[in-house]
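Sequence order for the protein chains is Z and Y.
Following this note's numbering, the numbering of the first sequence begins with 1 at its first residue and continues without gaps.
Following this note's numbering, the numbering of the second sequence begins with 1001 at its first residue and continues without gaps.
Glycine residues also receive a C-beta, built at the ideal position from the N, C-alpha and C atoms.
Here the structure is laid out as structure tokens; the discussion comes afterwards.
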Amino acid sequence: QKEVEQNSGPLSVPEGAIASLNCTYSDRVSQSFFWYRQYSGKSPELIMSIYSNGDKEDGRFTAQLNKASQYVSLLIRDSQPSDSATYLCAVRRGSNYKLTFGKGTLLTVNP
Amino acid sequence: DVKVTQSSRYLVKRTGEKVFLECVQDMDHENMFWYRQDPGLGLRLIYFSYDVKMKEKGDIPEGYSVSREKKERFSLILESASTNQTSMYLCASSLGGGPDTQYFGPGTRLTVL
């Protein structure tokens, strides 16, 4: 079983719509969860981190965590063409230094 | 702002050459990481270091070694480059403790001919 799974996409949404990106993880001891955005040819940049069950909002981005169901999601409201990128979910187990990444979901926002 | 820099954006080497990739961070971070990223395989951890002169193998250490002589600098070494090491190499650093967010450098696109 893969440790961190994401739909590879591409996920295509019209401009102004809500984009929903999902991630599931297999290790119940996971404690820290991160969403990174990666534009083509660039390195990943951190968008959101979440550590507790529930929602965390930052501008147009909302991260949702459900540890019982072992999933974390990222909602992007009012999607813009500039949001078109690959979104990587990353999970950290306890106090371990290591992050485990999903393979990413390619999001395309159509004008 | 956290700044992680890598010595080269693009690098072309020949099979059998010894290759050094350097990474420097300016935020006094404890932890540093080397990843490679390949289409369809995602980000894979090669090695990481949690202190000067300390290192641990990641998921794919074969064919690589690392060096951390100073806190701010973490080097990845390909002892004898092979074509299957053609990839994007990404360095990251994190403060250590707590949530321990990792911040990435711009990456080095290495091509081994």
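I need the boundaries of the beta strand (DSSP E) containing I50 of chain Z, first residue and last residue. Locating residue 50 of chain Z in the first sequence gives position 50, counting from the first residue. Start and end: E45 to I50.
Which first and last residues belong to the beta strand (DSSP E) in which Y1103 of chain Y is found? The residue given as residue 1103 of chain Y occupies position 103 in the second sequence. Where Y1103 of chain Y is concerned, the enclosing beta strand (DSSP E) starts and stops at Q1102 to F1104.
Neighbourhood of N53 of chain Z by C-beta, 7 Å cutoff - its chain only, sequence neighbours within 5 removed: Numbered from its first residue, the first sequence carries residue 53 of chain Z at position 53. These residues qualify, in order along the chain: L65, N66 and K67.
Alpha carbon to alpha carbon, how far is T1015 of chain Y from S79 of chain Z? Give it in angstroms, no decimals. Here the question's residue 79 of chain Z lines up with position 79 in the first sequence. Here the question's residue 1015 of chain Y lines up with position 15 in the second sequence. In a straight line, the C-alpha of S79 of chain Z is about 45 Å away from that of T1015 of chain Y.
Tell me which residues share the same chain as D58 of chain Z and place their Cβ nearer than 7 Å to its Cβ, disregarding the 5 neighbours each side in the sequence. Mapped onto the first sequence, residue 58 of chain Z falls at position 58. Result list for D58 of chain Z: M48, in chain order.
In the DSSP assignment, find the beta strand (DSSP E) that holds Q1085 of chain Y and state where it starts and stops. Mapped onto the second sequence, residue 1085 of chain Y falls at position 85. For Q1085 of chain Y, there is no enclosing beta strand (DSSP E), as DSSP marks it with neither H nor E.
In chain Z, what lies closer than 8 Å to D1100 of chain Y by C-beta? For the purposes of this step, residue 1100 of chain Y is identified with residue 100 of the second sequence, where counting begins at 1. Residues of chain Z whose Cβ lies closer than 8 Å to the Cβ of D1100 of chain Y are, in chain order, S32, R92 and Y97.
Looking only at DSSP bridge pairs, what is T1015 of chain Y linked to? Locating residue 1015 of chain Y in the second sequence gives position 15, counting from the first residue. Partner(s): none; T1015 of chain Y has no beta bridge.
Assuming V4 of chain Z contacts T105 of chain Z under a Cβ cut-off of 8 Å, what Cβ separation, rounded to an integer in Å, is found between them? Taking the first residue of the first sequence as 1, we reach residue 4 of chain Z at position 4. Taking the first residue of the first sequence as 1, we reach residue 105 of chain Z at position 105. Between T105 of chain Z and V4 of chain Z the Cβ distance is about 12 Å, and since that is not below 8 Å, they are no contact.
Determine which residues of the segment 1060-1090 of chain Y have a Cβ less than 8 Å from any Cβ of chain Z, and write them out in chain order. Cβ contacts with chain Z come from L1090.
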